[in-house]
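Quick note: the sequence shown uses our numbering, first residue 53, plus one each step.
Don't be surprised by glycine CBs; every beta carbon is placed ideally from N, CA and C.
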Amino acid sequence: MGEFKFVILLLAGLAVAAYFFLWHLPSRRSAREGLRRPLFEARCPVRTGFSWWFYMGGYGRLSLYEDFLVAVYLLRNELAYSDVARAEIRRPLIAKGIYLYPKNPDGPRYVAVFPRDPEHVLMLLERRGVPVTRKV
């Protein structure tokens, strides 16, 4: 009976830890975000790619502000619109995603977000001066 209680407590602890990492961390705001109100915000899958074969991702947050955007899962990507070389809409498997390619060669190769309405996000990015390619 004692082993059963231990297993239940262990599973409950893992559930709390998973909640913290998967839900709470992407919700935290940076100092740059502060009390600003986003133009657009969505909880959606986020992927940060470092090469053609290595990436990190999961369910996170995409926020578009007046002069920068934030895509966060476990890694926080804050990009000024002027630092984005281009954005393109792609369908890697099933869902349409927006791939953002930063100009900085020292950072990630791309940041991909998969909001429910990618066309609306592309429209907002175009209005902020980000070059957009639509090829699906």
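Use the C-beta contact count for residue 150: other C-beta atoms within 10 angstroms, 16 or more gives buried, fewer gives exposed.
As a position in the sequence shown, residue 150 is number 98, starting the count at 1. That one is buried.
| message | If I measure Cβ to Cβ from residue 178 and keep anything under 8 Å in the same chain, skipping five residues before and after, which residues do I get? | response | In the sequence shown, the residue the question calls residue 178 occupies position 126. Closer than 8 Å at Cβ, skipping near neighbours: 184.
Practice task
For the alpha helix (DSSP H) containing residue 167, list its first residue and its last residue.
Solution key: Counted from its first residue, the sequence shown places residue 167 at position 115. Looking at the DSSP string, residue 167 is not in any alpha helix (DSSP H), and its letter there is neither H nor E.
Residue 142 versus residue 126: straight-line alpha-carbon distance, rounded
Taking the first residue of the sequence shown as position 1, residue 142 is located at position 90. Taking the first residue of the sequence shown as position 1, residue 126 is located at position 74. Residue 142 and residue 126: Cα-Cα distance of roughly 23 Å.
Verify whether the separation of the beta carbon atoms of residue 112 and residue 164 is less than 8 Å. Numbered from 1 along the sequence shown, position 60 holds the residue referred to as residue 112. Numbered from 1 along the sequence shown, position 112 holds the residue referred to as residue 164. Against a cut-off of 8 Å, the Cβ pair of residue 164 and residue 112 comes out as no contact.
ask   = With C-beta atoms as the reference, is residue 180 less than 8 Å away from residue 133?
value = Against the sequence shown, residue 180 aligns to sequence position 128. Against the sequence shown, residue 133 aligns to sequence position 81. For residue 180 and residue 133, yes; Cβs fall inside 8 Å.
key: Cut-off 6 Å between Cβ atoms - residues of its own chain near residue 99, not counting five sequence neighbours on either side   = Here residue 99 refers to the residue found at position 47 of the sequence shown. The residues are 107, 109 and 164.
Looking only at C-alpha atoms, which of 86, 121 and 129 sits nearest to residue 92? If you number the sequence shown from 1, residue 92 lands on position 40. Comparing Cα positions, the closest option is 121.
Report task. Starting from residue 94, trace the beta strand (DSSP E) both ways and give me its first and last residue. Result -> Taking the first residue of the sequence shown as 1, we reach residue 94 at position 42. Residues 92-101.
| residue 138 lies in the beta strand (DSSP E); which residues open and close that run? | What you label residue 138 is simply residue 86 of the sequence shown in a count that begins at 1. Counting along the chain, the beta strand (DSSP E) containing residue 138 begins and ends at 136-142.
- Query: Going along the chain, which residues of its own chain have a beta-carbon closer than 8 Å to the beta-carbon of residue 186, five neighbours each way excluded?
  - Reply: By one-based count along the sequence shown, residue 186 stands at place 134. 140, 141 and 174.
inquiry  = According to DSSP, is residue 146 part of a helix, a strand, or is it coil?
reply    = Residue mapping note: residue 146 aligns to position 94 of the sequence shown, counting from 1. Three-state result, residue 146: coil.
- Item | As assigned by DSSP and simplified to three states, the class of residue 118 | Locating residue 118 in the sequence shown gives position 66, where the first residue counts as 1. Looking at residue 118 - three-state DSSP - the assignment turns out to be coil, as it is neither helix nor strand.
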